[in-house]
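Asker: The opening residue of the sequence shown carries number 13 in the working numbering; numbering runs sequentially from there. Quick one: this structure, given as C-alpha cells, is what I'll be asking you about.
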Amino acid sequence: MQQSFDLYFVSSNKHKFLEAKKILNSFEIQIGFYKSELEEIQSDSLQKIASKKAEQAFSQLKKPVIVEDDGLYITSLDGFPGPYSSYVFKTIGNSGILNLVKNNRNAKFVSMISFKNNVFSKSFKAEICGKISKKQKGKGWGYDPIFIPNSKSKTFAEISNKNELSHRFKALKKFANWYLRMQK
Ligand code: ITT
C-alpha cells in the first residue's frame, strides 16, 4: 500500500522533489511526491506563478501541498530568463545561456515556495547570488553545471553541499520554521 503523508510536494521535476525532501527531512518534516505538470500562468512575479500552482495542486490532491517556482536571473540580460527559466532551459539550454553571457557574469537563483491547505496560502522567497561559469562543469541537473554560488569557486553541480546553501534550502528553511510553529 502507498504511504500517506501530511504534506505533498507537487511538481513535474523529480530533482526538485529529491532536494526538497532531503532539506525538509533535516527539519524533521516528511513529504510525499505528487508528480504533476501544473499549468504556469504568464507573469513576471514568481509569487503569483507559485501561488496559482499551489491552488491547482491543492484542488487536485485535496491535501496540504507545497509547490516551488524558481528563476535564474542574469544581470547582464536584465534578469532573463527569470520566470521563463523552465522554458528557456528546455529550448536553448545551458549552452544557449553560455553563448548569451559575455563580460558581466553576475546572476542569482530565486526560489519561491508556496504552501496551501484549507486554511492558509503562504509563500516563502529566498535567493542566492552567484555567477554564470564560462563552461559547463560537473554533472548536475538544470542550470547546476553553469551556476557558481558567490561563496564558492565551483558550480552547484560540482559541490557536495548545495542543499545546505541553495535558494531552495533558504526558502524551505523559512517555510519549515513557519510550518513547525503552525503545527503546535
Ligand atoms: P515544476 O513542475 O515544479 O514547475 P520545473 O522544472 O518546470 O518544475 P520551474 O518552473 O521552477 O520548475 O523552472 C525553473 C527552471 O530552473 C527549470 O528549468 C529547472 O530545471 C531550473 N532550476 C530550478 N532550480 C534549480 C536548481 O536548484 N538547480 C538547477 N536548475 C534549477
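Ideal Cβ placement from N, Cα and C applies to all residues, glycine included. Here the structure is a predicted model, which is why all the values come from computation and not from measurement.
#1: From this set, Leu110, Asn37, Ser71, Lys102, which residue's C-alpha is nearest Leu89's C-alpha?
#2: Between the C-alpha atoms of Phe159 and Val22, what's the straight-line distance to the nearest angstrom?
#3: Any heavy atom of ligand 1 inside 7 Å of the beta-carbon of Ser25?
#4: Measure the alpha-carbon distance for Asp156 versus Asn115 and round it to whole angstroms.
#5: Alpha helix (DSSP H) containing Asn37: first to last residue?
#6: Measuring CB to CB, does Lys28 end up less than 8 Å from Glu80?
#7: Any heavy atom of ligand 1 inside 7 Å of the beta-carbon of Asn170?
#8: Determine contact between the region 120-127 and the region 69-87, defined as no fewer than three beta-carbon pairs at a distance below 8 Å.
#9: Less than 8 Å between the beta carbons of Ile144 and Leu177, yes or no?
Answerer: On the basis of the supplied data:
#1: Leu110
#2: 25 Å
#3: The residue asked about is misnamed: residue 25 is Asn in this sequence, not Ser. Indeed, a heavy atom of ligand 1 lies less than 7 Å from the Cβ.
#4: 20 Å
#5: 26-37
#6: yes
#7: Before going on, a small fix: residue 170 reads as Glu here, not Asn. Answer for Glu170: no, Cβ out of range of ligand 1.
#8: yes
#9: no
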